[in-house]
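A.B. asks:
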Amino acid sequence: MNTHIILTALALALVAGPLGCFVVWRRMAYFGDGLAHSALLGVAVGLVIGISHQIGMMVIAVVFALLLIWLRSKRVLATDTLLGILAHAALSLGVVAMALLGAGEVELHDYLLGSLDQLTPELAAWVIGGAGLSLGLLLRLWPGLILMTTSEELAHAEGVSIMRYEFALMVLMGVVVAAAIQMVGILLITSLLIIPASTARLLARTPEQMAVGGSLIASLAMLIGLPSAQSFDLATGPMIVCVSVALFIIVLVGRLVLRSTAP
Amino acid sequence: MTDLSPPSSERLVTASNLSVIRQKRAILDDVSLNITERDFITLIGPNGAGKTVFLRHLLKLDSPNSGSVTHRADLKIGYVPQRVDIDPGLPISVNRFLTLNNTLADAELEQLANVTKIQHLLDTPLSSLSGGELQRVLLTRALTNKPDLLILDEPAQNLDVNGQLQFYTLIEEIYESRNIAILMVSHDLHLVMSSTRKVVCLYHHICCSGAPESVARDPEFISIFGNDMAKLMAVYPHTHAHDHDHDHGHGHDAEDAS
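So the protein sequences, as listed, match chains A and B. Residue numbers for the first sequence, in the working numbering: 15 to 277. Residue numbers for the second sequence, in the working numbering: 676 to 933.
1) Anything in chain A within Cβ reach of I761 (chain B), meaning under 7 Å, just list it in chain order.
2) Taking only beta-carbon atoms, is T220 (chain A) less than 9 Å away from chain B?
3) V695 (chain B) and H746 (chain B) - do their beta-carbons sit closer together than 9 Å?
4) From the DSSP output, in three-state form, read off P682 (chain B) for me.
5) Measuring alpha carbon to alpha carbon, tell me which of B:R816, B:I881, B:S691 and B:D823 ends up nearest S738 (chain B).
6) Drop a sphere of 10 angstroms on the beta-carbon of L266 (chain A), count the other beta-carbons inside from all chains shown, and report buried for 16 or more, exposed for fewer.
7) Give the straight-line distance between the Cα atoms of Y752 (chain B) and M224 (chain A), rounded to the nearest whole angstrom.
8) I'd like the ranges of any beta strand (DSSP E) spanning at least 3 consecutive residues and lying wholly in the segment 700 to 782 of chain B.
9) In terms of DSSP beta bridges, what is C876 (chain B) paired with?
10) Which value, in whole angstroms, describes the spacing of the CA atoms of V271 (chain A) and G239 (chain A)?
11) Excluding the 5 residues flanking V57 (chain A) on each side, which residues of the same chain have their C-beta closer than 8 Å to its C-beta?
12) Considering only residues of the same chain and omitting the five flanking positions on each side of L775 (chain B), which have a CB-CB separation below 6 Å?
13) Taking 8 Å as the threshold, find out whether the segment 41 to 58 of chain A comes into contact with the segment 185 to 201 of chain A through three or more Cβ pairs.
14) Taking the straight line between their C-alpha atoms, what separation do you get for I719 (chain B) and G885 (chain B)?
15) Let's test the definition: count the other Cβ atoms within 10 Å of the Cβ of A263 (chain A) and tell me whether it reaches 16, buried, or not, exposed.
16) Could you pull out every unbroken alpha helix (DSSP H) segment of at least 4 residues lying fully inside the segment 798 to 835 of chain B, listed in chain order?
17) Name the residue from B:K821, B:L834, B:S852 and B:M859 whose alpha carbon lies nearest to the alpha carbon of L809 (chain B).
18) If you drop the 5 nearest sequence neighbours on each side, which residues of the same chain put their C-beta closer than 7 Å to that of V191 (chain A)?
19) Looking at the secondary structure, which residues open and close the alpha helix (DSSP H) in which I857 (chain B) lies?
20) Between the segment 25 to 48 of chain A and chain B, which residues of the former have CB atoms less than 7 Å from a CB of the latter, in chain order?
21) Strictly under 9 Å for the Cβ-Cβ distance: is A169 (chain A) near chain B by that measure?
22) Please compile the residues from chain B whose C-beta is within a distance smaller than 8 Å of the C-beta of G158 (chain A).
23) To the nearest angstrom, how far is it from the Cα of P912 (chain B) to the Cα of R273 (chain A)?
24) Could you name the residues of chain A that G807 (chain B) contacts, counting a contact when the two beta carbons are closer than 9 Å?
25) Using a Cβ-Cβ cutoff of less than 6 Å, which residues in the same chain neighbour T791 (chain B) once the five nearest sequence positions on both sides are dropped?
26) Whose Cβ in chain A lies nearer than 8 Å to the Cβ of I767 (chain B)?
27) Which same chain residues end up closer than 8 Å to I195 (chain A) when comparing Cβ atoms and leaving out the 5 residues on each side of it in sequence?
28) Terminal residues of the continuous alpha helix (DSSP H) containing V57 (chain A)?
29) On the DSSP bridge list, what partners appear for S691 (chain B)?
30) Would you call the segment 859 to 872 of chain B and the segment 819 to 833 of chain B touching, i.e. three or more CB-CB distances under 8 Å?
31) Report all residues from its chain with a CB closer than 8 Å to the CB of D131 (chain A); omit the five preceding and five following residues, and keep chain order.
32) List, in order along the chain, the chain A residues whose C-beta lies closer than 9 Å to that of D801 (chain B)?
33) Which first and last residues belong to the alpha helix (DSSP H) in which H336 (chain A) is found?
34) Could you check which residue in B:S803, B:T727, B:I849 and B:D714 has the C-alpha nearest to that of Q786 (chain B)?
35) In chain order, what residues of the segment 735 to 747 of chain B put their CB closer than 7 Å to some CB of chain A?
36) Taking Cβ positions only, does E9 (chain A) come closer than 9 Å to chain B?
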């Protein structure tokens, strides 16, 4: 396996740990799915106006987040309904647009389930850079984000700008999702965020332990999942997720056994 | 509006002619309130009267359609929200929660924890606290920045009677022992009567305000809260009359509760 693929995988795993914690704590799983679904539209937009797929995805992700925040402030429909409308509209538009632009079944399949075919060293450098920047920003905002997670009202009263933090979190999600889609695929990207974090939750006593644990578990899933996918010639996303779920089950069962045998 | 505070006290918060309109309905209509040093104001009002909206404006979390809120320069406010829901997915100890996003020294934390009686809870996960314990932890957090003003939004709403008594006793102790002003939304007026210096009754506008005994005689108060509440309020101060020289006879509630 090429070095640039391993480095990309580790960079994504590293940021997936802490970011995944917020997806779990703030119940953003559906939002992550929505972002991922909108990514296909981003690819199509990228093709049409001649910018890279990743930039197209990020632009659409930010537009998606802004649209969601704006619609939510109208207080007419519940957030999950709005997400359902936006996500599926974006996915359908994306599929239609890709087909009109002449994309084949294989290309669509690769976007939906992940593949390493398009991951050139140059793209890898972009993904690693994006993941690194996101991780840096996440660490900077960490204390405020944790306070906001315990109580938005309290954080707001103590001078944390909820709007700004929430938007930052959404943009971070957009960047990480766009960066990771090539490898994990649109349909499964959210699981890269929530399964390792949930596994770490079973073992952690502090938010930081959960974040670091999530990164380690995601790294392990990548390091086992990617070579297996490659040697069996399978899509990468499902393989990575299978390994993550296996790790989750092992930890869950291990914890139950330890608890029941404890005096 | 009656202002019972002595004129020499410094003004902490000035809310002038606040009006808030949401979906074409006036939530707050020309509401003014001054909070000065050492005030102990209890804000009462029926559900949907705009109490929480009013607090949010006093905290400057929202901006009104008209009117203004001014804080004294360098004013520090401690805020205890109505409730917080701690997601069990977030592993965080009480200790860590209290030191999030601030620079609280261990010694200060210990001293505060003693006041609010949460020393034994510091290593407990936040999500496993009982209602009363969680409120005491939130109160501790509100005190960490040494506030000049404590704002509490129905802090004892989800507690049982015993828990309410203990919580209000704690608030009174804090009021007595610190140079602090308090603004509290509470329906349990009979429980906070002995400390409350001023009652403000809000129903979109300020219906009446003043000392507890005088408010209880106000016709508008009686029309909103009924005679029973008015009697409860009118009776209580007589048995505890002139209770502003607090030697020790102040803690009836606490002794009864424990």
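Glycine included, every Cβ here is placed at the ideal spot set by N, Cα and C.
C.D. replies: Looking at the coordinates:
1) T164
2) yes
3) no
4) Unreliable positioning characterises P682 (chain B) in this predicted model, as indicated by a pLDDT of 49, which lies under 50. The coordinate reading is nonetheless provided below. Three-state result, P682 (chain B): coil.
5) B:S691
6) Taking every protein chain shown into account, the CB of L266 (chain A) has fewer than 16 other CB atoms within 10 angstroms, so this residue is exposed.
7) Checking the sequence, you will find Ile at residue 752 (chain B) rather than Tyr. Computed Cα separation, rounded: 32 Å.
8) Taken in chain order, the unbroken stretches of beta strand (DSSP E) that lie wholly in the segment 700 to 782 of chain B and span 3 residues or more are 700 to 711, 715 to 719, 741 to 746 and 752 to 755.
9) B:I719 and B:C883
10) Approximately 26 Å, taken between the alpha carbons.
11) H67, G70, M71, G108, M112 and Y125
12) Cβ neighbours of L775 (chain B) beyond the five flanking positions: none.
13) yes
14) 12 Å
15) The sequence given here places Ile at residue 263 (chain A); Ala does not occur at that position. Flag for I263 (chain A) reads exposed.
16) 806 to 818
17) B:L834
18) G46, L49, A50, A53, A75 and I203
19) Note, I857 (chain B): premise wrong, no alpha helix (DSSP H); beta strand (DSSP E) at A856 to V860.
20) V38 and W39
21) Closer than 9 Å: yes.
22) N776
23) Because P912 (chain B) sits at a pLDDT of 47, beneath the cut-off of 50, its placement in the model cannot be relied upon, and the following sentence gives the value as read from the coordinates. Going by the C-alpha atoms only, they are around 56 Å apart.
24) Near G807 (chain B) there are no residues of chain A at all, since even the closest Cβ is about 17 Å away, more than 9 Å.
25) Taken in chain order, the residues that qualify are R811, L814 and T815.
26) I160, T164, T220 and P221
27) A50, A53, M71, Y125, G128 and I203
28) A43 to I63
29) B:S743
30) Yes: the two stretches touch, three or more of their Cβ pairs being nearer than 8 Å.
31) D124
32) The residue asked about is misnamed: residue 801 (chain B) is Leu in this sequence, not Asp. Going along chain A in sequence order, the residues near L801 (chain B) (Cβ under 9 Å) are T164.
33) Residue 336 (chain A) lies beyond the range of chain A shown here (15 to 277); nothing can be said about it.
34) Nearest option by C-alpha distance: B:I849.
35) L736
36) Coverage of chain A is limited to positions 15 through 277, which leaves residue 9 (chain A) absent and any answer about it impossible.
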